[in-house]
Amino acid sequence: MINGHKHQLVSKRIFLFLIIVSLVILAGCSKDKNDISDRGILYIKTSLEDIEGELESVRVVVKNANNPLEEYIETKNIGTADKNVVFCFDNLKKGISYNIVVTAYTGNNIPVFQGSASALPTMTGSIVEITLLEFVEKPVQFPGKTIEIYYKCPHRVPTIWVWEHEGIPISENMGYSWDTQPEMKKVVDDWYVFEITGEYLSTPPKALKMIFNRDHSTETTRYPAETGWYDGIVWYDEAPYQIPGSGHYPDIPADKVNNTIYQAFYWNSAPDLWKRLESNIPRFAEIGITSMWLPPAGK
154 MINGHKHQLV SKRIFLFLII VSLVILAGCS KDKNDISDRG ILYIKTSLED
204 IEGELESVRV VVKNANNPLE EYIETKNIGT ADKNVVFCFD NLKKGISYNI
254 VVTAYTGNNI PVFQGSASAL PTMTGSIVEI TLLEFVEKPV QFPGKTIEIY
304 YKCPHRVPTI WVWEHEGIPI SENMGYSWDT QPEMKKVVDD WYVFEITGEY
354 LSTPPKALKM IFNRDHSTET TRYPAETGWY DGIVWYDEAP YQIPGSGHYP
404 DIPADKVNNT IYQAFYWNSA PDLWKRLESN IPRFAEIGIT SMWLPPAGK
């Protein structure tokens, strides 16, 4: 009798456990169904036939009108045969208005036309057709960091003309012309700087080509396109001059291998001497000099 009673208790517990598990599963399915019913679809069709010239891509930004943090972005390339592109956003909240901004781009991520609308997503899918007729006069801000170009010019304030290699005409897009080149801003001693913000660069930036104009023009290329210091001959990734008030000289590495010539320049001590030595580097290499130490004068 005792064993039979235990068997009945175990059977009841197992049956009760199965009921609880079933309820949990049903509750989960019911919840998923409700979640799905709360979501809607939005189709966005862009009308680009009236736009003259070649376009490269279309970018759509869909943003919750009540919650700007809920944002969806999609970009598509444009085919040569058909300029119209359809976008589908299928996980939007029903009953909530979404703001839509569509931008068309030429090559090099330059925006040219823009259109906007708002819509409510539905289960079957709202179809919103946006005609891009509003001209974008200024490039929108693209993600990307600011690049600073430093240049050493001991004679006078230099000007700069800069563009991307097979890419964006930076100076032109910033509103300058060859006859109205911007003057660079002085930093320290004979060093000047020119700042290029992300809106005027490709993403990621391409190699920068530039012409510095002083007593004579100097053309150079900065690759990769990063902040850098150019003394007229050599590019540096870090400032090669002493920062006023820092009280120390740049560090000199303990050694330099791989048969390369190393130069430590100290711009506040005998710069003409170092310049003459630097101009003879090919000759030094020919006679077998593989390393060179140029300590600051008087130290």
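In terms of the working numbering, the sequence shown opens at residue 154 and continues consecutively. Note that the Cβ used here is the ideal one computed from N, Cα and C, for glycine as well.
When the Cα of residue i is compared with those of the options, which residue comes out closest?
{"i": "leucine 201", "options": "Glu224, Tyr353 and Gly268", "result": "Gly268"}
{"i": "lysine 359", "options": "Ile231, Ile300 and Leu273", "result": "Ile300"}
{"i": "threonine 374", "options": "Asn252, Ile313, Ser210 and Val215", "result": "Ile313"}
{"i": "glutamate 287", "options": "Phe242, Glu224, Tyr258 and Val341", "result": "Tyr258"}
{"i": "lysine 362", "options": "Gly351, Tyr353, Tyr376 and Glu352", "result": "Tyr376"}
{"i": "isoleucine 302", "options": "Pro393, Asp332 and Glu379", "result": "Glu379"}
{"i": "phenylalanine 266", "options": "Thr275, Val255 and Pro274", "result": "Val255"}
{"i": "phenylalanine 242", "options": "Ser355, Val213, Pro393 and Cys306", "result": "Val213"}
{"i": "proline 335", "options": "Pro307, Gly206 and Glu325", "result": "Glu325"}
{"i": "serine 210", "options": "Lys216, Asp203 and Thr199", "result": "Thr199"}
{"i": "histidine 369", "options": "Val215, Tyr353, Asp203 and Val310", "result": "Val310"}
{"i": "leucine 245", "options": "Tyr345, Tyr304, Lys216 and Asn237", "result": "Lys216"}
{"i": "isoleucine 194", "options": "Lys247, Ile253 and Gly381", "result": "Lys247"}
{"i": "phenylalanine 365", "options": "Trp382, Tyr353 and Pro357", "result": "Trp382"}
{"i": "leucine 273", "options": "Tyr345, Gly260, Tyr251 and Leu285", "result": "Tyr251"}
{"i": "serine 355", "options": "Leu208, Gly328, Lys298 and Glu348", "result": "Lys298"}
{"i": "glutamate 317", "options": "Asp390, Ile349 and Val387", "result": "Ile349"}
{"i": "threonine 455", "options": "Gly260, Leu208, Tyr304 and Thr333", "result": "A query on residue 455 cannot be resolved here, the shown segment of the chain reaching from 154 to 452 and no further."}
{"i": "glutamate 453", "options": "Glu207, Gly260 and Ile204", "result": "The requested residue 453 is not part of the displayed model; the chain covers only 154 to 452."}
Give the DSSP-derived three-state secondary structure of residue i in the structure shown.
{"i": "threonine 373", "result": "strand"}
{"i": "serine 279", "result": "strand"}
{"i": "serine 324", "result": "helix"}
{"i": "threonine 312", "result": "strand"}
{"i": "threonine 333", "result": "helix"}
{"i": "serine 200", "result": "strand"}
{"i": "isoleucine 173", "result": "Only weak support is given to the placement of isoleucine 173: the predicted model assigns it a pLDDT of 41, under 50, and the question is left unresolved by the model."}
{"i": "glycine 385", "result": "coil"}
{"i": "valine 305", "result": "According to the sequence shown, residue 305 is lysine rather than valine. Strand, per DSSP."}
When we look at the beta-carbon of residue i and count the other beta-carbons within 10 Å, is it buried (16 or more) or exposed?
{"i": "aspartate 191", "result": "exposed"}
{"i": "proline 221", "result": "exposed"}
{"i": "serine 330", "result": "exposed"}
{"i": "aspartate 384", "result": "buried"}
{"i": "isoleucine 283", "result": "buried"}
{"i": "serine 271", "result": "exposed"}
{"i": "lysine 229", "result": "exposed"}
{"i": "methionine 276", "result": "exposed"}
{"i": "isoleucine 226", "result": "exposed"}
{"i": "lysine 338", "result": "exposed"}
{"i": "proline 307", "result": "exposed"}
{"i": "tyrosine 394", "result": "buried"}
{"i": "glutamate 224", "result": "exposed"}
{"i": "valine 239", "result": "exposed"}
What are the residues that DSSP puts in a beta bridge with residue i?
{"i": "isoleucine 349", "result": "Ile300"}
{"i": "glutamate 287", "result": "Gln267"}
{"i": "isoleucine 364", "result": "Trp314 and Glu372"}
{"i": "isoleucine 194", "result": "Thr275"}
{"i": "valine 341", "result": "Trp344"}
- Task: Could I get the ranges of all uninterrupted beta strand (DSSP E) runs contained in the region 204 to 271, with 3 residues as the minimum, in chain order?
- Result: 210 to 217, 224 to 230, 238 to 246 and 251 to 258
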